[in-house]
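Undergrad: Numbering (our numbering), first residue to last: -11 to 313.
Heads up, the beta-carbon is just placed ideally off N, CA and C, and yes, glycines get one too.
Please read all numbers here as calculations on a predicted model, not as lab measurements.
Input: one structure, supplied below.
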């Protein structure tokens, strides 16, 4: 295997190899508070790699698209090479961590529905919370990627909550990173491990994740290993019913006359709605898919919208995806 180049992160080494692939090597390093607290924990790299490998495999079984290809060694993953988007998503099922500090609320409050937040990946700025519109306008991601990142994160949350429920663990929150491959396909990237999520014991609320290190609770490796061992006991994954909804709004192009809109405009004015300057009519479609959201599904929906639902010569369309767990 020929190594082209690479770099080192906080807890992983990345090596670029042939065929648009990367080798991700998990180290025993652990850090907190932007690197102020640093340590080495024996076997952490192997355990986190195995957790991440298993969770990527589980997502693949449900049809989610990730950069993961295979596990080459106990502490290594082979993945598709992607350009990492500099914005990550965080999905929160209960209040914890920075959310509590930011809003001055107690830990462990359950949200009625999961909260999705966006954070700018910038160590110098301490990974600040960022508004989706700001991220799009700054061209850190485009509007389609922002929408896909949100619905995919919701789908991942649905799957992981069901999976961890099987082994009596409560998924409090987690972060996801995304990247674009050479074809522009949006993929879940980086890792999904005990370093990137909060897991509590369902019955006792005992912390199982990296917060044990942040809060000096001790026995970090014991609890990481327990998560892995429990994951390995799962033989049959839960049967999860899924529904991805696509709302397609179709409108005439601005350069195309709209006779029906003009008639409606005259009626509105006769009914004394005199401040309406322009009325243009459109149509919409709602498509429901029994699969999890992905870039491939979004591409399929764009094809349907362009080739079947609209006339590309005179109409434009916009797509909104929603995921319901």
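Taking the C-alpha atoms as reference points, what is the distance between residue 196 and residue 202?
TA: 12 Å
Undergrad: Under 6 Å Cβ to Cβ from residue 275, same chain only, skipping five residues before and after it: list those, please.
TA: Around residue 275: 234.
Undergrad: Return yes when the Cβ of residue 263 is within less than 7 Å of the Cβ of residue 249, no when it is not.
TA: no
Undergrad: Take residue 114 as the anchor and find which of 125, 24 and 189 has the nearest alpha-carbon.
TA: 24
Undergrad: Could you name the residues of the same chain whose beta carbon sits closer than 8 Å to that of residue 257, not counting the 5 residues immediately before and after it, in chain order?
TA: 264
Undergrad: If you drop the 5 nearest sequence neighbours on each side, which residues of the same chain put their C-beta closer than 6 Å to that of residue 252?
TA: 267
Undergrad: How long is the line joining the alpha carbons of residue -5 and residue 3, rounded to whole angstroms?
TA: 7 Å
Undergrad: By alpha-carbon positions, which one of 131, 82 and 67 ends up nearest to residue 170?
TA: 67
Undergrad: Can you tell me whether residue 289 is helix, strand or coil according to DSSP?
TA: helix
Undergrad: Going by the DSSP bridge assignment, what does residue 370 pair with across the sheet?
TA: No statement about residue 370 is possible, as the shown extent of the chain runs from -11 to 313 and does not include it.
Undergrad: Would you list the one or two residues that DSSP bridges to residue 312?
TA: 231
Undergrad: Please go through the same chain and pick out, in chain order, the residues whose beta-carbon is closer than 6 Å to the beta-carbon of residue 178, but skip the five residues on each side of it.
TA: Shown here for residue 178: same chain residues with a beta carbon closer than 6 Å to its own, the five before and five after excluded, namely 165 in chain order.
Undergrad: Determine the DSSP secondary structure at residue 178, reduced to helix, strand or coil.
TA: coil
Undergrad: Buried or exposed for residue 126, please, with buried defined as at least 16 other CB atoms from any protein chain shown within 10 angstroms of its CB.
TA: exposed
Undergrad: I'd like to know if the segment 219 to 237 and the segment 276 to 293 are in contact, where contact means that at least 3 CB-CB pairs between them fall below 8 Å.
TA: yes
Undergrad: Return the residue from the list 300, 148 and 273 that minimises the CA-CA distance to residue 309.
TA: 273
Undergrad: Counting only the same chain and skipping the five closest in sequence on each side, list residues whose C-beta sits under 6 Å from that of residue 140.
TA: 281, listed in sequence order.
Undergrad: Residue 42: which of 64, 29 and 210 sits nearest, CA to CA?
TA: Taking only the C-alpha atoms, the option nearest residue 42 is 64.
Undergrad: Name the residue from 151, 144, 261 and 120 whose alpha carbon lies nearest to the alpha carbon of residue 133.
TA: 120
Undergrad: Note the first and the last residue of the continuous beta strand (DSSP E) segment covering residue 220.
TA: No beta strand (DSSP E) holds residue 220; DSSP gives it neither H nor E.
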